[in-house]
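Chemist: Handing you a structure now.
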Amino acid sequence: MTKPHSPAPHSIHDAPANGPVLDPNTLIALLHSIGSGAASDGQPWPERHQMPGRRLALADADCSLAGLRVVLEILLAAQRARENGELEQYVGPRVMEGLIMAALGLTAHASTRLQPEG
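Position one of the sequence shown corresponds to residue 1 (UniProt numbering), numbered consecutively onward.
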């Protein structure tokens with residue numbers, strides 16, 4: 001019988017017993033924590049009286065609102081550069097529209113996740 005080419009199956013969320021332990025601040029580890037319901041500060045939603053699905057929804061909304069703040073800060077800086085800066089400092093109408101569309105998308109996502117489930 002031939003030896004299989006792939007390792008034995010294991011949970012994608014658990015590190016293999018004999019494998020290296022991931023640093024929690026690596027990109028992959030952070031993506032896993034975000035995917036498992038981490039809020040914008042990287043921690044799970046703190047209210048334990050909520051159902052797990054609701055805690056995930058609140059963490060998603062929290063991340064969306066944190067992203068929305070960043071997008072709006074960039075949009076405000078771009079608008080101020082357009083009004084007060086040199087012409088080469090202006091990012092252009094397509095970037096401005098993209099920032100506005102990103103803000104709309106993040107707002108819609110946060111609003112959807114904050115709606116009661118059921």
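Glycine included, every Cβ here is placed at the ideal spot set by N, Cα and C.
Does the stretch 101-109 come close enough to the stretch 79-93 that 3 or more CB-CB pairs lie under 8 Å?
Modeler: Touching, no, given that fewer than three Cβ pairs across the two stretches are closer than 8 Å.
Chemist: Specify, as a first and last residue, the run of the alpha helix (DSSP H) that G92 falls within.
Modeler: Indexing the sequence shown from 1 puts residue 92 at position 92. It is not in any alpha helix (DSSP H) - G92 carries neither H nor E in the DSSP assignment.
Chemist: Tell me which residue opens and which closes the alpha helix (DSSP H) that L76 is part of.
Modeler: Here residue 76 refers to the residue found at position 76 of the sequence shown. 52-84 is the span of the alpha helix (DSSP H), which, as asked, contains L76.
Chemist: For D60, is the classification buried or exposed, using 16 other Cβ atoms within 10 angstroms of its Cβ as the cut-off for buried?
Modeler: Translated into positions along the sequence shown, residue 60 becomes position 60. D60 comes out buried.
Chemist: Does the stretch 61-73 come close enough to the stretch 94-103 that 3 or more CB-CB pairs lie under 8 Å?
Modeler: Output reads yes: the stretch 61-73 touches the stretch 94-103.
Chemist: Given G53, which residues of its chain have a CB within under 7 Å of its CB, disregarding the five upstream and five downstream residues?
Modeler: Position 53 of the sequence shown, counted from the start, is the residue given in the question as residue 53. If we look at G53 and ignore the five residues flanking it on each side, its Cβ neighbours are E117.
Chemist: Between R113, T112, L76, H49, which has its C-alpha nearest V95's C-alpha?
Modeler: Position 95 of the sequence shown, counted from the first residue, corresponds to residue 95. Ranking R113, T112, L76, H49 by Cα distance to V95 puts L76 first.
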